[in-house]
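Chains as they are written, first to last, in the working numbering: chain A, 1 to 99; chain B, 1 to 620.
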């Protein structure tokens with residue numbers, strides 16, 4: 001796992017990327033980050049995530065993982081469930097949120 | 001309309017909506033299920049078109065691939081966009097859009113609707129699954145929503161017989177105002193960012209939609225089970241095991257019954273007619289050929305019964321999610337697992353099952369590698385050759401050498417498929433690589449009407465589109481193996497004098513480097529009908545009666561071990577089954593893809609057999 005500097009929101013809440021969240025966690029999206037692995041298409045992926053409802057401020061819940069490790073990850077957002085691969089999940093920065 | 005009129009093409013309606021919004025069920029209701037199913041020109045994306053019922057003038061309906069957005073689009077979504085804009089070759093632009101939204105998932109659907117509205121085409125909004133929404137306590141004020149959107153809005157329940165009446169009324173009304181224009185429309189620049197669009201939707205829904213915050217409890221409970229690391233795995237393995245067992249084993253009594261019936265009919269017809277060309281043609285050409293088409297049906301119907309039920313219930317996307325990691329290493333996704341698993345029984349239903357893969361490139365790769373999964377028709381050939389050449393001895397204390405050889409043949413197929421899929425994925429432009437964002441739809445009880453329609457549709461596609469080709473090719477093979485007849489004083493088996501025999505002998509020099517004798521080459525020709533026929537063909541050319549052990553003994557005498565192993569290697573790869581080639585032609589709708597498929601597999605078979613022969617010659 002890459003060493004990320006510990007981030008916090010402006011109000012001092014800890015920030016972690018979606019793929020680091022445990023199953024059952026509730027979180028609020030802080031921002032959609034740049035993912036270098038996507039290269040030039042990164043903007044596209046960001047747009048698609050937003051179109052599906054992954055917008056800053058939206059709340060989500062981690063509902064499960066694929067069979068091998070924590071990739072892909074399943075989340076519920078706006079009542080809809082999506083499976084995301086780790087590369088996509090890494091773009092989504094979240095902060096804990098009470099259900 | 002009088003005959004003096006120039007017949008105008010029918011008005012074109014298009015169903016547009018997110019994946020999983022129940023578009024296809026709606027399509028079935030609106031068209032009375034008489035759909036034409038094909039591919040769009042040049043891409044392996046399914047196209048579904050049918051005539052609308054209950055309209056005043058003829059009108060057709062096209063069911064577009066599910067899409068979330070006009071702007072950011074995966075390859076299959078791009079097809080939907082291009083059809084809507086009129087950019088797709090051979091597809092006239094739709095005159096009227098019927099936007100379909102899952103009423104239990106309004107926000108996501110409405111986002112696309114607002115994008116579509118900017119295009120300015122006449123449009124109706126169908127709030128589908130209105131019954132499920134009502135059941136969940138979602139209250140929608142339809143008239144108010146319609147006023148705010150500026151679109152006619154109707155509620156639909158595609159699973160109920162009268163659930164689309166209101167939509168049909170709205171379609172008749174809008175048809176009167178719609179103009180037919182065969183132009184293209186430019187995609188307008190995005191007017192607002194996604195945040196603003198969602199904010200607008202929230203405003204719009206406020207006051208006219210009330211919904212409870214959480215999905216029903218049983219949905220949650222089911223997902224807790226299915227996403228569970230232990231129980232979920234158990235559910236998945238049980239499902240896959242049942243499916244594999246059904247396609248592999250439960251289908252075989254039906255296959256045998258079809259086989260027996262076809263033989264019985266053949267015998268009856270044979271008894272009625274005098275011996276001669278006509279009798280031979282009817283019994284061994286036409287009736288046997290029809291039989292060779294029908295034997296695929298049990299497996300196809302059983303496999304699709306599973307796939308349709310799993311897809312409609314919402315489990316299939318979850319199985320794809322759970323298995324995604326396993327397939328990703330070779331550039332595929334969880335969606336390709338079930339088609340490949342099914343191919344162990346038979347590649348024909350397996351390749352047909354690739355229709356549930358949305359990404360056209362992934363679907364093509366899956367089709368290309370599916371026949372490398374060792375199908376059941378190879379087993380008789382493997383059993384014969386292994387039984388004759390591999391000693392029945394125990395190695396390393398527990399393993400049987402014959403068993404190890406069979407296992408190695410399975411593994412060779414799987415490893416080769418993985419390598420080829422990986423290479424094909426590398427060949428594609430990385431820029432076309434689209435991230436996996438897989439929606440896991442709500443669980444639903446499959447609806448009998450749509451389930452049976454889906455099964456009927458698959459069976460018909462196979463019988464009409466593929467069966468006719470298989471029948472024609474079977475008759476051609478019969479002709480090649482029958483003509484010219486052996487002379488009266490013939491000493492050798494009749495097949496040697498036929499075109500198939502001549503072809504086999506003609507092919508032999510080409511197969512020289514592989515060590516194949518002309519008898520082995522002859523057996524390859526009728527084996528094109530089905531691989532297992534190679535066994536009876538070998539018995540014929542070597543003129544051996546008295547069952548497999550006698551044949552095995554005479555093969556052991558005639559072939560060397562390296563050549564026998566080379567023959568096995570050939571059967572691992574060779575597209576030694578015309579039905580598979582026919583189904584690839586149908587599913588890819590591309591002659592080039594079919595040629596590439598056939599060519600690469602034959603080449604691979606040749607190289608593998610050649611290498612096997614030389615390596616076995618050096619080492620054994």
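Backbone N, C-alpha and C define an ideal beta-carbon position, used for all residues, glycine too.
The model shown is predicted, which means the values in this text are computed figures rather than measured ones.
Any beta-carbon of chain A closer than 8 angstroms to the one on residue i?
i, result
"residue 227 of chain B", "yes"
"residue 195 of chain B", "yes"
"residue 337 of chain B", "no"
"residue 585 of chain B", "no"
"residue 439 of chain B", "yes"
"residue 198 of chain B", "yes"
"residue 321 of chain B", "yes"
"residue 1 of chain B", "For residue 1 of chain B, the predicted model reports a pLDDT of 42, less than 50, meaning its position is unreliable; a value from the coordinates is still stated below. Residue 1 of chain B does not count as touching chain A."
"residue 215 of chain B", "yes"
"residue 81 of chain B", "no"
"residue 360 of chain B", "no"
"residue 188 of chain B", "no"
"residue 435 of chain B", "yes"
"residue 139 of chain B", "no"
"residue 119 of chain B", "no"
Mind checking if residue i is an interface residue toward chain B, Cβ cutoff 8 angstroms exclusive?
i, result
"residue 51 of chain A", "yes"
"residue 44 of chain A", "yes"
"residue 1 of chain A", "Below a pLDDT of 50, predicted positions are generally treated as unreliable, and residue 1 of chain A, at 45, falls in that range; the measurement from the model is reported next regardless. False, the Cβ-Cβ gap to chain B never drops below 8 angstroms."
Suppose you measure from the CA of residue i to the CA of residue j; what does that come to, to the nearest Å?
i, j, result
"residue 99 of chain B", "residue 376 of chain B", "45 angstroms"
"residue 45 of chain A", "residue 120 of chain B", "27 angstroms"
"residue 253 of chain B", "residue 552 of chain B", "27 angstroms"
"residue 229 of chain B", "residue 241 of chain B", "18 angstroms"
"residue 458 of chain B", "residue 520 of chain B", "37 angstroms"
"residue 38 of chain A", "residue 62 of chain A", "23 angstroms"
"residue 399 of chain B", "residue 616 of chain B", "21 angstroms"
"residue 2 of chain A", "residue 98 of chain A", "Only weak support is given to the placement of residue 2 of chain A: the predicted model assigns it a pLDDT of 48, under 50, and the value that follows is read from those uncertain coordinates. Approximately 27 angstroms, taken between the alpha carbons."
"residue 66 of chain B", "residue 75 of chain B", "11 angstroms"
"residue 322 of chain B", "residue 414 of chain B", "20 angstroms"
"residue 246 of chain B", "residue 379 of chain B", "18 angstroms"
"residue 2 of chain B", "residue 58 of chain B", "With a pLDDT of 44 at residue 2 of chain B, under the threshold of 50, the predicted position of this residue should be treated as unreliable, though the coordinate-derived value follows. When rounded, the distance between both Cα atoms is 14 angstroms."
"residue 320 of chain B", "residue 216 of chain B", "23 angstroms"
"residue 424 of chain B", "residue 329 of chain B", "13 angstroms"
"residue 260 of chain B", "residue 251 of chain B", "14 angstroms"
"residue 31 of chain A", "residue 191 of chain B", "22 angstroms"
"residue 496 of chain B", "residue 280 of chain B", "18 angstroms"
"residue 17 of chain A", "residue 342 of chain B", "38 angstroms"
"residue 421 of chain B", "residue 21 of chain A", "32 angstroms"
"residue 92 of chain A", "residue 41 of chain A", "16 angstroms"
"residue 256 of chain B", "residue 264 of chain B", "12 angstroms"
"residue 498 of chain B", "residue 575 of chain B", "23 angstroms"
Give me whichever residues DSSP pairs with residue i in a beta bridge.
i, result
"residue 47 of chain B", "B:38"
"residue 53 of chain B", "Residue 53 of chain B is not bridged to any residue."
"residue 7 of chain A", "A:15"
"residue 63 of chain B", "B:15, B:48"
"residue 97 of chain B", "B:14, B:123"
"residue 28 of chain A", "A:59, A:95"
"residue 73 of chain A", "A:65, A:84"
"residue 437 of chain B", "A:84"
"residue 533 of chain B", "In the DSSP output, where bridge partners are listed per residue, residue 533 of chain B has none listed."
"residue 447 of chain B", "DSSP output for residue 447 of chain B lists no bridge partner at all."
Could you list the residues in the stretch 8 to 27 of chain A with a C-beta less than 9 angstroms from some C-beta on chain B, going in chain order?
Answer in chain order: 23.
Near-chain B residues of the stretch 72 to 93 of chain A - C-beta to any C-beta below 9 angstroms
Hits within the stretch, in order: 72, 74, 76, 78, 79, 80, 81, 82, 83, 84, 85, 87, 88.
Listed from N- to C-terminal order along the chain, which residues in the stretch 53 to 66 of chain A have their beta-carbon within a distance smaller than 7 angstroms of any beta-carbon of chain B?
Under the 7 angstroms Cβ criterion, the stretch 53 to 66 of chain A contributes 53, 55, 63, 64, 66.
In the stretch 445 to 469 of chain B, which residues sit with their C-beta less than 9 angstroms from some C-beta in chain A, listed in chain order?
Here the close residues number zero.
Residues within the stretch 607 to 619 of chain B neighbouring chain A, beta-carbon criterion of under 8 angstroms
Per Cβ criterion, the list is empty.
Give me the subset of the stretch 101 to 114 of chain B whose CB atoms are less than 7 angstroms from a CB atom of chain A, sorted by chain position.
The stretch 101 to 114 of chain B vs chain A, Cβ under 7 angstroms: 105, 107, 108, 111.
For the stretch 52 to 78 of chain B, which residues have a beta carbon sitting closer than 8 angstroms to at least one beta carbon of chain A?
Residues of the stretch 52 to 78 of chain B with a C-beta less than 8 angstroms from any C-beta of chain A: 68, 69, 71, 72, listed in chain order.
Determine contact between the stretch 193 to 207 of chain B and the stretch 108 to 117 of chain B, defined as no fewer than three beta-carbon pairs at a distance below 8 angstroms.
When Cβ pairs closer than 8 angstroms are counted between the two stretches, the stretch 193 to 207 of chain B is seen to touch the stretch 108 to 117 of chain B, the count reaching three or more.
Tell me whether the stretch 381 to 390 of chain B and the stretch 553 to 568 of chain B touch, counting them as touching only if at least three CB pairs, one residue from each stretch, are closer than 8 angstroms.
When Cβ pairs closer than 8 angstroms are counted between the two stretches, the stretch 381 to 390 of chain B is seen to touch the stretch 553 to 568 of chain B, the count reaching three or more.
Under 8 angstroms, with one C-beta from each stretch per pair, do the stretch 478 to 489 of chain B and the stretch 592 to 604 of chain B reach the 3-pair mark?
Too few Cβ pairs lie closer than 8 angstroms, so no.
Taking 8 angstroms as the cut-off, does the stretch 114 to 130 of chain B touch the stretch 145 to 156 of chain B (at least 3 CB pairs, one atom from each stretch)?
Flag = yes, the stretch 145 to 156 of chain B and the stretch 114 to 130 of chain B touch.
Would you be able to state if there are at least three C-beta pairs under 8 angstroms between the stretch 42 to 60 of chain A and the stretch 400 to 420 of chain B?
Result no; under three Cβ-Cβ pairs closer than 8 angstroms.
Decide yes or no for the touch test of the stretch 356 to 371 of chain B against the stretch 330 to 341 of chain B: beta carbon pairs closer than 8 angstroms, at least 3 of them.
Remark: three or more beta-carbon pairs, one from each stretch, lie closer than 8 angstroms, so the stretch 356 to 371 of chain B and the stretch 330 to 341 of chain B are flagged as touching.
Examine the Cβ distances between the stretch 507 to 519 of chain B and the stretch 604 to 613 of chain B and report whether three or more of them are shorter than 8 angstroms.
Taking 8 angstroms as the limit for Cβ pairs, the verdict is that the stretch 604 to 613 of chain B does touch the stretch 507 to 519 of chain B.
Are there three or more Cβ pairs, one per stretch, closer than 8 angstroms when the stretch 305 to 314 of chain B is compared with the stretch 51 to 61 of chain A?
These segments do not touch.
Residues of the stretch 217 to 248 of chain B whose Cβ lies closer than 7 angstroms to any Cβ of chain A, in chain order
Listed by position, the residues of the stretch 217 to 248 of chain B near chain A (Cβ gap below 7 angstroms) are 223, 227, 233.
The stretch 158 to 169 of chain B / the stretch 26 to 42 of chain B touching (three or more Cβ pairs under 8 angstroms)
Counting Cβ pairs under 8 angstroms, three or more are found: they touch.
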